[in-house]
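Here's the structure we're looking at; comments come further down.
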Amino acid sequence: MSDDQKVLIISCSEEVRENLIPVVKECGFGSVSVSDGTGVRSVIEKENYGLVILNTPLAEEYGLELASFISSHTDAALIVAVSQKNCDSVYDKIGSTGAYILPKPFNKTALIQAIRFAVTARDKMLALKAEKEKLEKKLYNIKQIDRAKCVLIQYLRISEADAHRQIQKRAMDQRVPEIEIAMDILRTYEM
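Per my numbering, the sequence shown runs over residues 54 to 244.
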């Protein structure tokens with residue numbers, strides 16, 4: 054089962070945990086783990102979840118520090134259920150984490166909508182994160198290729214166009230990406 058299909062429900066109320074299980078299964082999640090909040094940080098560091106539902110308050114803490122911990126240590130969609138009167142203050146404290154703040158009491162429909170929203174937001178965030186990493190790698194490669202061109206210009210006393218052509222030709226001849234040729238040039242000349 055993929056990690057996206059795993060849910061962790063954190064609540065000190067066994068009744069709440071038992072009531073949430075069928076709803077998350079109805080939303081397509083296959084594996085549901087439950088916790089009363091005790092020792093959950095170590096579980097979160099070891100396991101990956103697609104969704105975490107945190108029902109506040111917990112027995113040992115209110116749960117906002119835990120919500121921040123979950124947000125910073127996982128890519129899981131996070132729903133934090135809080136009393137209606139505390140929504141604004143909770144949002145002020147953990148709104149930047151990306152957690153969906155769900156006011157209590159809530160009904161099944163509101164929970165299903167919250168789950169769908171949180172999962173969709175998480176999926177979009179992960180897609181943006183992957184695109185960012187791809188662009189960062191591309192930028193890194195461009196910088197290294199430019200450094201290699203500068204090295205060729207300096208040591209071989211050739212023009213930038215000739216340096217560029219030399220890197221391209223070597224890459225085509227060896228059937229490797231230009232970045233590999235650039236890194237080889239940098240290792241050769243910058244030692």
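Virtual Cβ for every residue (Gly too), placed ideally from N, Cα, C.
Same chain, Cβ closer than 6 Å to residue i, neighbours up to 5 away in sequence not counted
i      : result
Ile234 : Ile220, Arg223, Ala224
Lys157 : Ala134, Ser136
Residues bridged to residue i (per DSSP)
i      : result
Leu107 : Ile63, Val133
Ile154 : Val133
Val69  : In DSSP, Val69 forms no bridge with anything.
Assigned exposure category for residue i - 16 Cβ within 10 Å defines buried
i      : result
Gly83  : exposed
Thr127 : buried
Leu209 : exposed
Ile195 : exposed
Ala152 : buried
Gly81  : exposed
Proximity test, Cβ basis, 7 Å: residue i and chain C
i     : result
Ser88 : Given the protein chain composition of this structure (a single chain), no chain C is represented.
Spatial distance of residue i from residue j (CA atoms)
i      : j      : result
His217 : Pro230 : 13 Å
Gln30  : Ile154 : Past the edges of the chain, shown from 54 to 244, lies residue 30, and the structure says nothing about it.
Leu76  : Leu188 : In the sequence as displayed, the identity of residue 76 is Val instead of Leu. Looking at the two C-alpha atoms, the distance is approximately 38 Å.
Glu71  : Leu192 : 49 Å
Close-in-space but distant-in-sequence residues of the same chain around residue i (CB under 8 Å, 5 per side omitted)
i      : result
Glu113 : Gly90, Thr91
Rounded Cβ spacing between residue i and residue j (contact assumed at less than 8 Å)
i      : j      : result
Leu107 : Leu131 : 7 Å
Lys78  : Val85  : 7 Å
Leu120 : Leu104 : In the sequence as presented, Leu is not what sits at residue 120; that position holds Ala. Not confirmed; about 13 Å, so no contact.
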